[in-house]
Amino acid sequence: MNKKNGILVVLGIILLVFPLVVHSDYYQHLIIIAFIWVIIGSSWNLLAGYTGQVSFGHAIFFGIGAYTAGILAMKLGISAWWGMMFGGITAMLIGLFVGWVCFRLRGPYFALATLAGGEIFRLIATNWEALTEGMVGILIMQTFRSKLPYYYIGLALAASCIYVVHLTMKTKWGYYFVSIREDQDAAASLGINIVLYKNISLLISSFFTGMAGAFYMNYMGFIDPEVVFSLHFVSIMAILVGIVGGVATIWGPAVGAFVMVGLQETFRSAFFGLAPKWVSQGHALVFGLLVIFVIMFFANGIVGDWEKIKKIFFKTRETT
Amino acid sequence: MALLELKNLVKDFGGLRAVNDITLHVKKGEIFGLIGPNGAGKTTIFNCMNSYYPITSGDILFKGKSIKGLKTYKICHLGIARTFQIVKPLARMTVLENVTAAAFCRIKKIKDAKEEAHKVLEFCNLTSEKDKLAKSLPIGGRKRLEIARTLATKPELLLLDETAAGLNPTELDEAIDLIIKIKDSGITILIIEHIMKVIMSISDRIHAINFGETIAEGTPREVAANPAVIEAYLGDDYA
Chain S
0 MNKKNGILVV LGIILLVFPL VVHSDYYQHL IIIAFIWVII GSSWNLLAGY
50 TGQVSFGHAI FFGIGAYTAG ILAMKLGISA WWGMMFGGIT AMLIGLFVGW
100 VCFRLRGPYF ALATLAGGEI FRLIATNWEA LTEGMVGILI MQTFRSKLPY
150 YYIGLALAAS CIYVVHLTMK TKWGYYFVSI REDQDAAASL GINIVLYKNI
200 SLLISSFFTG MAGAFYMNYM GFIDPEVVFS LHFVSIMAIL VGIVGGVATI
250 WGPAVGAFVM VGLQETFRSA FFGLAPKWVS QGHALVFGLL VIFVIMFFAN
300 GIVGDWEKIK KIFFKTRETT
Chain G
0 MALLELKNLV KDFGGLRAVN DITLHVKKGE IFGLIGPNGA GKTTIFNCMN
50 SYYPITSGDI LFKGKSIKGL KTYKICHLGI ARTFQIVKPL ARMTVLENVT
100 AAAFCRIKKI KDAKEEAHKV LEFCNLTSEK DKLAKSLPIG GRKRLEIART
150 LATKPELLLL DETAAGLNPT ELDEAIDLII KIKDSGITIL IIEHIMKVIM
200 SISDRIHAIN FGETIAEGTP REVAANPAVI EAYLGDDYA
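Those sequence lines, one after another, are chains S and G.
Residue 319 is where the first sequence ends in numbering that gives the first Met the number 0, and the numbering goes up by one at each step.
Residue 238 is where the second sequence ends in numbering that gives the first Met the number 0, and the numbering goes up by one at each step.
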């Protein structure tokens, strides 16, 4: 336990000092994006990994959070930082509605319903031009020129999200979430109100995802439906972050976020300009292969199968 | 007053009447056996009792109050707990976590819930398995875990669905001992069982059904001698 805490403290210090040492906007930007993914990944993990309700529609909450902040700032002139709170709360209200509809379904049917939900919200955001400006998108003034404040706000949000998930899983709620994942009927017969606790899990999850969306709005200054309600850039990416890092582990989504953002950037920039340009088109393909690889060999993700991964590396070192 | 009362219980699945007009009374403190050939409707009755299925007509009274239409989890809170014939362990949780999750039914604090879980595991002889994942238990252990979990919810009435099925002779004796121990702790038991050694040796009264209908009720000896029961099990040549 102490060794683990030691690693955490060292990692924390590295993350705190990083932007003071590395002044490059580019690398700071990448880490801020990774922080956003830590939040979305951890929230997704609470609902899908721990509670077993696999969502293919987390873009709903991300988009709602981003649009809440954006619309409040653009139309009403309310600071987009207030929008972070409203973004989370609005995403939660939408979460209540999504839960009311989708929790009537179980397993893969729930997943498909959330998938459809994500597309519905994207189309609403595209077509309700009076409110959302449609495909033109929303542009607001960023508060800070420097990336530094965003970096620390992102870090604080990511850390508190992980901490909340960690705390939640230690309480009765945590036991109930996992029981529901393992067997809904058994859980109900043990006195667990499965509808209520699924909704609690969804509300926590949607709140943090909405906050992440509002933070994204603040940081990027521009959103449109194709970005924040995107199926493959948000909903699927959330699943990838969770699966690659480790479903139903506290640190899995954090690790997954950094791995996925790193990979995405590596491909987007065609291996930092070293490879021919067409390589950048291949990232979706590589993500697919990566998921197949992870599910076949490390079904519990990098964190969940860490012992296994360590063993493989240890063995190869021994033989060479 | 009976602890549990089924009044003219009927359950239809489309055109099939799985349970037809069953009336029975379970008194406080007894072990009440429910027997019948395969497909007689025993498990369906259990599923109606904990609201896993909605009932078609009739009523179910627990301590004189109707529990018809209540949600499954509420019935557990009222004090009726059940095990499943096809065991449903919470596979990727440890045995202790399985029982702790159930203990939250009555206990708020996590420390107290764990303590209660330890007590129940001790009672069910599962203490040595407490840190194993539920999925790694053999069938005997899983059946015990099912019982342990229900006990952690502190029920007044325990519904046991074929707890002894699939056990070897040693495990069978242990299961009988456990059931008697549960009865002695003051819990009323309604048990479905096929294994006659179990049902005949522990039941105070037995209710026999076939094709969803009552065919006999009485002490184990009376029911075993009843021609309708013999016919249902062995055919009319023996009746």
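Don't be surprised by glycine CBs; every beta carbon is placed ideally from N, CA and C.
The structure presented is a predicted model; accordingly, all values stated were derived computationally and were not measured.
For residue i, return the contacting residues in chain S, with the cut-off set at a CB-CB distance below 7 Å.
| i | result |
| --- | --- |
| His76(G) | Gly190 |
| Asn49(G) | Ser188 |
Flag residue i as yes if its beta-carbon sits less than 8 Å from any beta-carbon of chain S, otherwise no.
| i | result |
| --- | --- |
| Arg275(G) | Outside the modelled stretch of chain G, which goes from 0 to 238, sits residue 275(G), for which no answer is possible. |
| Glu161(G) | no |
| Ala100(G) | yes |
| Lys87(G) | yes |
| Thr152(G) | yes |
| Pro53(G) | no |
| Glu96(G) | yes |
| Phe83(G) | yes |
Please list the partners that residue i has in chain G, where partner means a Cβ-to-Cβ separation under 7 Å.
| i | result |
| --- | --- |
| Thr170(S) | Ile109 |
| Ala187(S) | Thr71, Tyr72 |
Looking at the C-beta of residue i, does it have a partner C-beta in chain G at a distance below 8 Å?
| i | result |
| --- | --- |
| Val302(S) | no |
| Val163(S) | no |
| Ser145(S) | no |
| Thr319(S) | Reliability fails at Thr319(S), whose pLDDT of 45 lies under 50, so the model's placement of it is uncertain and the value that follows must be treated cautiously. Thr319(S) does not count as touching chain G. |
| Glu181(S) | yes |
| Tyr174(S) | yes |
| Asp24(S) | no |
Using 8 Å for Cβ pairs, my map puts residue i next to residue j. What's the rounded Cβ distance?
| i | j | result |
| --- | --- | --- |
| Ala253(S) | Tyr49(S) | About 15 Å separates the two Cβ atoms, so there is no contact after all. |
| Arg204(G) | Glu216(G) | 7 Å |
| Tyr218(S) | Ile31(S) | 6 Å |
| Thr152(G) | Ala101(G) | 5 Å |
| Asn167(G) | Ala39(G) | Actually they do not touch by this definition, with Cβ atoms about 26 Å apart. |
| Ala244(S) | Gly255(S) | According to the sequence displayed, residue 244(S) carries Gly and not Ala. That belief holds up - the Cβ atoms of Gly244(S) and Gly255(S) are roughly 2 Å apart, short of 8 Å. |
| Ala68(S) | Ala58(S) | Incorrect: roughly 16 Å between the Cβ atoms, too far for contact. |
| Val320(S) | Met92(G) | Residue coverage of chain S in this structure runs from 0 to 319, which leaves residue 320(S) outside it and unanswerable. |
| Gly57(G) | Lys6(G) | 5 Å |
Check the Cβ of residue i against every Cβ in chain G and list those closer than 8 Å, keeping chain order.
| i | result |
| --- | --- |
| Val177(S) | Leu89, Arg91, Met92, Glu96, Ala100 |
Can you pull the chain S neighbours of residue i, defined as C-beta to C-beta under 9 Å?
| i | result |
| --- | --- |
| Phe103(G) | Lys171, Tyr174, Tyr175, Leu189, Gly190, Ile191 |
For a contact defined as C-beta to C-beta under 9 Å, what are the partners of residue i on chain G?
| i | result |
| --- | --- |
| Asp184(S) | Tyr51, Thr71, Phe83, Lys87 |
For this session: Could you list the residues in the region 111-125 of chain G with a C-beta less than 8 Å from some C-beta on chain S, going in chain order?
Result: Ala112
Problem set entry | Completely contained alpha helix (DSSP H) runs for the region 28-63 of chain G, where each covers 4 or more residues | 41-48
Exercise. Can you give, in chain order, each stretch of the beta strand (DSSP E) that sits fully within the region 178-229 of chain S and has at least 3 residues?
Worked result: none
Problem set entry | Start-end ranges of the alpha helix (DSSP H) lying completely within the region 84-137 of chain G, minimum 4 residues | 94-102, 109-122
Exercise. Along the chain, which unbroken stretches of the alpha helix (DSSP H) at least 4 residues long are found entirely within the region 126-194 of chain G?
Worked result: 138-151, 168-183
Exercise. At what residue ranges does the region 257-296 of chain S contain a whole run of the alpha helix (DSSP H), taking only runs of 4 or more?
Worked result: 282-296
For this session: Mind listing, in chain order, the continuous alpha helix (DSSP H) runs of no fewer than 4 residues lying wholly within the region 98-168 of chain S?
Result: 106-126, 128-131
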